[in-house]
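For reference, the structure is listed below as structure tokens.
Protein chains in written order, with my numbering: chain B, 1404 to 2198; chain U, 337 to 495.
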């Protein structure tokens, strides 16, 4: 059953109501924690209370005696049996970090797993955790990357001099010359706080033993089923074919569920060892300390401009507090390399230079999260562009217009060596200006505010590289070069089409999108197409859902497979109907001649193909199952412009968003309502990042924000109505699609922080540290004394 | 104090008599003992609202309520929203048609809150809707489609 909100003749472009949402709205979702297997044990973890300490002795004798406890597992017991996580080699690696699944000898962050307790139920497992006695010998903690890189700093890993997990220097173009000849140089120090994805459902797994024919079946709340399968096999030293990974309904991912973590691997080992299914579900406190964090940059950015406000060069120095271990698979390079490397965004920049480091600290590791690096980079550059505009007495829209890469200059290779292929940066900004009535906003701003509020207007433009093929690295410098995924299309015996791919959804409606694309390619009615995307036992190989790639790869693979399947269907139709193949078409799940005089339904044809095979020559009956791989080769840039109007209360420091207008280029749209949801959802997370969300640690490395009462994410009251508009340009990928999952969070952070800074500038204030909490806003206004951490650099 | 206690509770119209651990939360009771897994647990400290259910006609956080506190209570969960003939509750239909869910984890709690809102205030303003659902966190949607679904529902009579 499917109907659509806006039905076009083509399914691509229609807001088809997704069947896949029906169980979720009816309470029939099957999330990880809803899975129960007979005889299943439950796992709880003892976690380090220290940021950095030597583990002298773990005494679990009392815990083991508690009735209902099956096993207490320590890191020592796993030594030599499984392979720990060594940091992925990266061209820009500093030293190596080795992460044992359960800590051995030392703990390196609060929340690191030390022991796993297996019990008959979770409550007993947690009781037993409390009975384990650990003798910790506290060590000095590294909690600031700028201290941590000094020669006299304590080391998080003895193998990592100066605590560098990542370090890179880069230069392209005549940077020194540009700064020497500049009409104006502006420089600022920015600080973007640590945050996390905050999926409403945490991580978790059920590891089954000898379910069906597989030695190990793992249900995991994760984004990359085949990657999990590969690494489970590798680290457990078993055959990949003995492992099946199934992704149940997943309560948010946002990149946090794209890394490999120890806990799920411990559970898999326990299931194989105990020969019983085990389950572990992360609780919220665990999620706040044991699932990857994000951002946490110190950025010193310098910009050289000519007298007309054109950017001649940028130079940046970036420190990222990447936490205690190199995040497994992606390395510690995610934020450090992308923050510095993607600094130019959508602007034409001929010369750039950066020095960036990922410094190990005694905090939770930093991993991928929606739009890695770009929001912090973009916000810094946008704030600096505004500063330049103020100094040159230019309007913030005008100065951006002068620097955006115009459509006619594309393809354009920027100073960071990325090619902008076909993206409407300028049309998006023009559209946002028009729709926000920008001139009127500025004139209203100039008039005094009777309510005593400071009005600010923020403009931000952004670029987001999506759908990365094999020629463009997702994680710069890593060995990981995903960029090739497959889809299998199979016409079942009833004539229903099944699409299988390993591209699980965390709410992006991937299954619906692929059905829409297949429907157009094959002329099969949407209700005759089903899709399965979450199971390595049924899907062809794929890398999974991350990096704004899934719609591009899934659709591309579907289109390629559909074209082949279509030929097979038409060939059989020609044989059965005894007409030339050119006279046939497929529409509404029926193969028919163009004049409709002869026809056969796909159902009838499929039945014949499978059950009356002797009547059809083999060379015609090739089987209605096709697998195609798709590699778009390069990525496609998406982009946009956001304009935000805020009121800042100079008494309380509170920021209220008055108006939010976004104009985006996301390429050809498959399902407009779904895309709208992705973009608005990204904006909401960006608003949270700009104003509310921050993971705070004290100087000893103790986390101070471990509940949702301390770590604030936006509620419906903090998010204004978002006015969304499109200026789309198709990409070069099959179907013209681009990714749309991440871009909007970049624009949101940039536009909101620029609006706040603009408001503060009305009273001579300024702000460089984010999120823009009331306290920081009041410091920026001089109402509270500043701590002088970030701010004005030497000029 | 006894570690276990008998309770009698009516859930979605059916009465259960069970002996439960006194420390068992109502959310765990519904999920693990009655297998009603539509109620989700997001934070276990009453902030996120994913576990919202209806208890004696008022919305309640089932993660902060003990199962023994529900003794004698009348409870409705998302599994109880469907009509007897199996049709979706109108609010469920409005959520579906307005694309008001992505991952769907907050949806059960959000639906319970939305239904209570329109029962108490059939014609809310947009701000009233936002206020009413401000105790239900959604990380995917940015809330706009949820607000629109509830406003659309307010235009129609709810069953």
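Built from N, CA and C at the ideal position, the CB exists for glycine as well. Owing to the predicted nature of the structure, the values given are computational and were not obtained by experimental measurement.
Where residue i sits in the DSSP three-state scheme
i	result
residue 1462 of chain B	strand
residue 480 of chain U	helix
residue 473 of chain U	coil
residue 1559 of chain B	coil
residue 1479 of chain B	helix
residue 1423 of chain B	helix
residue 1672 of chain B	helix
residue 1847 of chain B	helix
residue 2198 of chain B	With a pLDDT of 37 at residue 2198 of chain B, under the threshold of 50, the modelled position of that residue is not reliable, and the figure given next carries that caveat. Residue state, collapsed to three classes: coil.
residue 490 of chain U	helix
residue 450 of chain U	helix
residue 1793 of chain B	helix
residue 2182 of chain B	helix
residue 1443 of chain B	coil
residue 1906 of chain B	coil
residue 1729 of chain B	coil
residue 1778 of chain B	helix
residue 1938 of chain B	strand
residue 1665 of chain B	helix
Residue i: contacting residues in chain U (beta-carbon distance under 9 angstroms)
i	result
residue 1445 of chain B	Going along chain U, no residue has its Cβ under 9 angstroms from residue 1445 of chain B, so there is no contact; the nearest lies around 11 angstroms.
residue 2124 of chain B	462, 480 and 483
residue 2217 of chain B	Shown here, chain B extends from 1404 to 2198; a query on residue 2217 of chain B therefore has no answer.
residue 1909 of chain B	438, 439 and 476
residue 1604 of chain B	376, 377, 378, 386, 439 and 441
residue 1950 of chain B	Result: empty, since nearest Cβ-Cβ is about 18 angstroms, beyond 9 angstroms.
Under 9 angstroms from the C-beta of residue i: neighbouring residues of chain B
i	result
residue 387 of chain U	Per Cβ cutoff of 9 angstroms: no residues; residue 387 of chain U is ~11 angstroms from chain B at best.
residue 424 of chain U	1425, 1428 and 1429
residue 341 of chain U	Result: empty, since nearest Cβ-Cβ is about 15 angstroms, beyond 9 angstroms.
residue 418 of chain U	1429 and 1430
Partners in chain B for residue i, counting only beta-carbon separations shorter than 8 angstroms
i	result
residue 432 of chain U	1420, 1424, 1425 and 1428
residue 381 of chain U	1687, 2110, 2111 and 2112
8 angstroms contact criterion, which residue i and residue j should meet: CB distance rounded
i	j	result
residue 386 of chain U	residue 445 of chain U	5 angstroms
residue 1757 of chain B	residue 1808 of chain B	Incorrect: roughly 19 angstroms between the Cβ atoms, too far for contact.
residue 2030 of chain B	residue 1889 of chain B	6 angstroms
residue 1611 of chain B	residue 1674 of chain B	6 angstroms
residue 1595 of chain B	residue 1698 of chain B	5 angstroms
residue 1892 of chain B	residue 1964 of chain B	4 angstroms
residue 2154 of chain B	residue 2170 of chain B	So it is not a contact: roughly 14 angstroms between Cβ atoms.
Interface residues of chain B facing residue i [CB-CB closer than 7 angstroms]
i	result
residue 466 of chain U	2119 and 2120
residue 373 of chain U	1437
residue 435 of chain U	2076, 2077 and 2080
residue 444 of chain U	1430
Beta-carbon spacing of residue i, residue j below 8 angstroms
i	j	result
residue 2158 of chain B	residue 2047 of chain B	yes
residue 2005 of chain B	residue 1898 of chain B	yes
residue 1774 of chain B	residue 2145 of chain B	yes
residue 1450 of chain B	residue 1621 of chain B	no
residue 2136 of chain B	residue 1910 of chain B	no
residue 1683 of chain B	residue 1608 of chain B	yes
residue 1581 of chain B	residue 1716 of chain B	yes
residue 2229 of chain B	residue 1880 of chain B	Any question about residue 2229 of chain B goes unanswered here, given that chain B covers just 1404 to 2198.
residue 2186 of chain B	residue 2163 of chain B	no
residue 2011 of chain B	residue 1874 of chain B	no
residue 1566 of chain B	residue 1577 of chain B	no
Within chain U, the residues that residue i reaches when beta carbons sit closer than 8 angstroms
i	result
residue 1561 of chain B	Ordered by position in chain U, no residue passes the 8 angstroms Cβ test against residue 1561 of chain B, which lies about 38 angstroms from the chain.
residue 1973 of chain B	Result: empty, since nearest Cβ-Cβ is about 35 angstroms, beyond 8 angstroms.
residue 1434 of chain B	373, 376 and 441
residue 1601 of chain B	475
Contact list for residue i against chain U, beta-carbon separation under 7 angstroms
i	result
residue 2084 of chain B	438, 476, 477 and 478
Checklist entry - Going along the chain, which residues of the segment 469 to 487 of chain U sit with their C-beta nearer than 9 angstroms to a C-beta in chain B? => result 469, 470, 471, 472, 473, 474, 475, 476, 477, 478, 479, 480, 481, 482 and 483
Next on the checklist: By the 8 angstroms beta-carbon criterion, what residues does the segment 394 to 416 of chain U contribute toward chain B?
Outcome noted: 413, 414 and 415
Next on the checklist: So if I threshold CB-CB distances at 9 angstroms, which residues from the segment 340 to 360 of chain U count as touching chain B?
Outcome noted: 357, 359 and 360
Item to check | Cβ-based contacts, 7 angstroms cut-off: residues of the segment 1848 to 1882 of chain B near chain U | outcome: none
Checklist entry - Quick one, which residues of the segment 1653 to 1682 of chain B are near chain U if we go by CB-CB under 7 angstroms, in chain order? => result 1653, 1654 and 1655
Checklist entry - Listed in chain order, which residues of the segment 1634 to 1650 of chain B have Cβ atoms closer than 9 angstroms to some Cβ of chain U? => result none
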